[in-house]
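Encoded as structure tokens, the structure appears first; notes follow it.
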Amino acid sequence: MGPDNPFSDDLSGLDLFEDLGPPSAPEPAPVPPPRSGILEVLHQETTLMDIWRASLVDFFCAAGDVAAGDGERGAIARVVRMLDRLDCMVGHGGVVLVRHRGRPPGSGDPREAEEDYTVHLGPLTLDGQDLAAVCARLEDGKNLVPVFSRAARNLADARIHCLRLSTRVADPRVGKAMDTALSALARWLAGESLFSRGEKTAGVADPNLAILAAVNGRKESAVAALALQVQPLLDRSGPRDPLASFPSAYEALFAFDKLKAVLIRPPLEVNNPRWLIRVEEGMPLTPHQARLARLAVRLWGPDSQNTARAIDGLWGPGYAYTRPLEAADRISLASELLAGLEDAPDPTGEQAYFRESLMLDVYTAVESRLSRMPDEMFSGLAAGPSRVGAGKGKKVRWFPADKTLAGLARFFCQRAATKAKIKALMHHKARFSGDDFTAIARDFSITIQDARDLVEHLEGCFDGRGRFARDWFESAIPAFCRHQEKVFGFLWYYLKKHIRRGDRILLLNGLKRIIDRMDDRNGALDVLFEDLVADPRAVDFSHRNALMLMNVLVRTFNQELDEDIEMTPEDVLSVHEGLDAAASAHARALLREERERFFHKVRAVHTRLAAGGPGEPGMEHLILLEREMVIFLALVGGSTARTVLVSAMSEYAGPGAGVYARARDRRTYSLLLTMARVLSRAIARWKDSESLSLLLALEGNNEEFLEAARPHGLEGEVEELFACVRREAARLARN
Numbered sequence: 046m047g048p049d050n051p052f053s054d055d056l057s058g059l060d061l062f063e064d065l066g067p068p069s070a071p072e073p074a075p076v077p078p079p080r081s082g083i084l085e086v087l088h089q090e091t092t093l094m095d096i097w098r099a100s101l102v103d104f105f106c107a108a109g110d111v112a113a114g115d116g117e118r119g120a121i122a123r124v125v126r127m128l129d130r131l132d133c134m135v136g137h138g139g140v141v142l143v144r145h146r147g148r149p150p151g152s153g154d155p156r157e158a159e160e161d162y163t164v165h166l167g168p169l170t171l172d173g174q175d176l177a178a179v180c181a182r183l184e185d186g187k188n189l190v191p192v193f194s195r196a197a198r199n200l201a202d203a204r205i206h207c208l209r210l211s212t213r214v215a216d217p218r219v220g221k222a223m224d225t226a227l228s229a230l231a232r233w234l235a236g237e238s239l240f241s242r243g244e245k246t247a248g249v250a251d252p253n254l255a256i257l258a259a260v261n262g263r264k265e266s267a268v269a270a271l272a273l274q275v276q277p278l279l280d281r282s283g284p285r286d287p288l289a290s291f292p293s294a295y296e297a298l299f300a301f302d303k304l305k306a307v308l309i310r311p312p313l314e315v316n317n318p319r320w321l322i323r324v325e326e327g328m329p330l331t332p333h334q335a336r337l338a339r340l341a342v343r344l345w346g347p348d349s350q351n352t353a354r355a356i357d358g359l360w361g362p363g364y365a366y367t368r369p370l371e372a373a374d375r376i377s378l379a380s381e382l383l384a385g386l387e388d389a390p391d392p393t394g395e396q397a398y399f400r401e402s403l404m405l406d407v408y409t410a411v412e413s414r415l416s417r418m419p420d421e422m423f424s425g426l427a428a429g430p431s432r433v434g435a436g437k438g439k440k441v442r443w444f445p446a447d448k449t450l451a452g453l454a455r456f457f458c459q460r461a462a463t464k465a466k467i468k469a470l471m472h473h474k475a476r477f478s479g480d481d482f483t484a485i486a487r488d489f490s491i492t493i494q495d496a497r498d499l500v501e502h503l504e505g506c507f508d509g510r511g512r513f514a515r516d517w518f519e520s521a522i523p524a525f526c527r528h529q530e531k532v533f534g535f536l537w538y539y540l541k542k543h544i545r546r547g548d549r550i551l552l553l554n555g556l557k558r559i560i561d562r563m564d565d566r567n568g569a570l571d572v573l574f575e576d577l578v579a580d581p582r583a584v585d586f587s588h589r590n591a592l593m594l595m596n597v598l599v600r601t602f603n604q605e606l607d608e609d610i611e612m613t614p615e616d617v618l619s620v621h622e623g624l625d626a627a628a629s630a631h632a633r634a635l636l637r638e639e640r641e642r643f644f645h646k647v648r649a650v651h652t653r654l655a656a657g658g659p660g661e662p663g664m665e666h667l668i669l670l671e672r673e674m675v676i677f678l679a680l681v682g683g684s685t686a687r688t689v690l691v692s693a694m695s696e697y698a699g700p701g702a703g704v705y706a707r708a709r710d711r712r713t714y715s716l717l718l719t720m721a722r723v724l725s726r727a728i729a730r731w732k733d734s735e736s737l738s739l740l741l742a743l744e745g746n747n748e749e750f751l752e753a754a755r756p757h758g759l760e761g762e763v764e765e766l767f768a769c770v771r772r773e774a775a776r777l778a779r780n
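Just so you know, we're using my numbering here: the sequence shown kicks off at 46 and counts up by one.
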């Protein structure tokens, strides 16, 4: 099947699990319980990824040794050998990317920020903080942290903030070019290159030009001459010039067909701003991004960590501020960029209007980062008229800031304080000021009077004892619907954990009515999915509600929330034409991007279900939660969904599995039988031979299920289960 098919049969990861054999170290537990199908697959996935993480550390260590000049030839050979090893990982795209992130620590040695690097291999990302958990899982992993830290220090000392390397070194041409490129980098670091010596003929001290010359067997002086011809063209490029999307003279060389025809692009690139912005090859930068990247290089130099932090802070993929000091640092760097724009030369005469759009781009990027910063972090962020700071009271570390960016920081600090007041409405009345209404109005792009009305509606949803007022909420739904996506996130954030079970359906109905008026459902999916995986280890009552709403969002028509129900009807598994194509594609992308966190969530839910444990939620809720997850995965499709559902089917197909053994009453056993039926219909959506085999394997256990269900008096439900299985198997056999 083609790549556009959401039910493509991609099980290459599972093939690797079989090759891997048993894990090298058991999970830490006094007596490890037998793993069920889902837990076994997810454990194997984690084990496999940990092995690749350890290989990434080995590669990173070798790269650090090249940067330090220690045993040059031996280190180069190790880098090439590790690239060849990493190329065996499935689905990585053929590239290893090392990037300096430089998040300043909340306390301690500032050098920790200098050593904060991430290593990316396709969907796998590794940093020093991840390694503690990896070390605990790997038998021989205790040395990974100091090895990683030493390599990061070597790269920082060598002023390397970005490395991009092809893993395709098994190809003799790529392997030879990689060896040559690494040797050229070592010579550049040792000051033996025309470019690293900073001679005037070299244009800029760019190691990529030295590597380009070596890989192509050209004299460095000839490549320098080309760069000197291209640089003025790049400087004069206007926003509509084809050269405007190139961040450096090295990159711009490949804009010319004649040069592309005679020059091989090296498999190794160093401190190329492009890879701080774009991870994927073939995606051009915008003229804004390229212009600001060139400005960052001019301000701080191509090898400065400030350059990396400023660019990554604006456009790094998936980047979000995680602590106040980091936010203040990035805002200050962005402010320096804005100040640099004021002093930038204007060779084309277009700079005046182009500058305004560049400034808007910076403002928008910073605002986007601040909007994703956790609310509780804003208590440690301070902002004055032209400065931002991190800390509290008299212990604030201040940074100079552009007035507009400082104003953005003040707004988000106020917004966080206003949200805290709104949250307090669940328990008692709160006093709102004009600043609160202004913050709400700006946040939702509404008038201040609308903001007052919105708060009034929310206040009315709770009585003096903090109990939910059903009639008031229902009457307020039309007012909430006027603001669509933003109010959806707003209501979900504040009401998800504060609604009694009896009011849950009312809340879901109200949110569904907001969903029905949305032009774009992706924002609501983002809110719910992020809430689901934010803490992969947590299992909360609200997660089932989130999945029910996600099952609504990926379909164009639904009516199940119009009545008081406990679960999504399994008949939605018959829906094909009624899927919302855009929302389903977005959901698949979320699963692909957050595969690891989602797998951890599935593991957390099923561990509680299979092994039990004190506290809530109980077994019945966990079955229903897992059921909603199965329906969501079946509707959305994709390889992540397939991996989870196949492993689940292998477990629920036999009544001897741990989940069935834990069922102590008729109600719970009935729900498990329902789960097996839902899974059989979910698997059948793939319409392939493996799905048919799984159904036939389940059908072969008919007598065992009848025997196990007899003490609960559930023989009739077993017959319903196998009637469904036979029906789905017959349909697949016909196809």
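Note that beta-carbon positions come from the ideal geometry of N, C-alpha and C, so glycine has one too.
Three or more Cβ pairs closer than 8 angstroms define a contact, and the stretch 131-148 meets that threshold against the stretch 159-172.
Check the Cα spacing between Ser194 and each of Gly167, Asp132 and Val102: the tightest is with Val102. In this structure, Ala335 and Ala355 do not form a Cβ contact; the two beta carbons are roughly 14 angstroms apart against a cut-off of 8 angstroms. Comparing alpha carbon positions, the residue from Gln350, Ala113, Phe399 and Leu386 closest to Arg375 is Gln350. Per DSSP, Phe482 is not a residue of any beta strand (DSSP E); the alpha helix (DSSP H) it occupies stretches across Gly479 to Phe489.
For Arg130, the closest of Val214, Ala768, His165 and Pro329 by C-alpha to C-alpha distance is Val214. Setting aside the 5 residues that flank it on each side, Arg776 is surrounded in the same chain by Ala729, each with a C-beta closer than 8 angstroms to its C-beta; the list follows chain order. The residues Ala521 and Ala524, in chain order, have a CB closer than 6 angstroms to that of His502 in the same chain once the five nearest residues on each side in sequence are set aside. Cβ atoms of Arg460 and Asp498 stay farther apart than 8 angstroms, at about 18 angstroms.
Sorting Glu773, His528, Glu665 and Pro581 by C-alpha distance to the C-alpha of Ser619 places Glu773 at the top. The beta strand (DSSP E) runs of length 3 or more contained entirely in the stretch 403-438 are, from start to end of the chain, 426-429 and 432-435.
Judged by DSSP secondary structure, Leu239 falls outside any beta strand (DSSP E); it is assigned neither H nor E.
Cys207 is bridged by DSSP to Arg144. Taking the CA atoms as reference points, Met720 sits about 59 angstroms from Trp345. For Pro362, the CB contacts under 6 angstroms within the same chain, skipping 5 residues up- and downstream, are Val324 in chain order. For Pro445, the enclosing beta strand (DSSP E) begins and ends at Arg442 to Pro445. With fewer than 16 other Cβ atoms inside 10 Å of its own Cβ, Leu405 counts as exposed. Pairing Leu740 with Ser725 gives a Cβ-Cβ distance under 8 angstroms. Closest by C-alpha distance to Lys732, out of Ala679, Leu743, Leu766 and Leu716, is Ala679.
For Cys133, the closest C-alpha among the options Thr212, Phe533 and His206 is that of Thr212. With contacts defined as CB atoms closer than 8 angstroms, Ala569 and Phe533 qualify as a contacting pair. The alpha-carbon separation between Val125 and Ala289 amounts to approximately 34 angstroms.
Inclusion of Ala435 and Ala373 in the CB contact set at 8 angstroms is warranted, their separation being smaller than that value. Burial is judged here by how many other beta carbons sit within 10 angstroms of a residue's own beta carbon; Asn317 has at least 16 and is buried. Pairing Leu624 with Arg600 gives a Cβ-Cβ distance under 8 angstroms. The C-beta distance from Ala353 to Leu383 rounds to 18 angstroms, too long to meet the 8 angstroms contact threshold. Under DSSP, Arg648 forms no beta bridge with any residue. With fewer than 16 other Cβ atoms from the protein chains shown falling within 10 Å of its own Cβ, His473 counts as exposed. Per the C-alpha coordinates, the member of Arg562, Leu594, Arg123 and Ala446 positioned closest to Leu552 is Leu594.
If you look at Val190, you'll find it in the alpha helix (DSSP H) that goes Leu189 to Asp202.
When the five nearest sequence neighbours on each side are left out, the beta carbons in the same chain lying within less than 8 angstroms of the beta carbon of Leu690 are those of Val675, Leu678, Ala679, Leu724, Ala727 and Ile728, in order along the chain. Taking C-beta atoms under 8 angstroms as the contact rule, Tyr714 and Leu759 qualify, at a distance of about 6 angstroms. DSSP, reduced to helix, strand and coil, places Phe518 within a helical segment of the structure shown.
Spatial neighbours of Glu762 in its own chain (CB-CB distance under 8 angstroms, excluding positions within 5 residues in sequence) are listed in chain order as Ser715, Leu718, Thr719 and Ala754.
Judged by DSSP in its simplified three-state form, Tyr364 adopts coil rather than helix or strand. At a Cβ-Cβ threshold of 8 angstroms, Leu453 and Glu421 do not count as neighbours.
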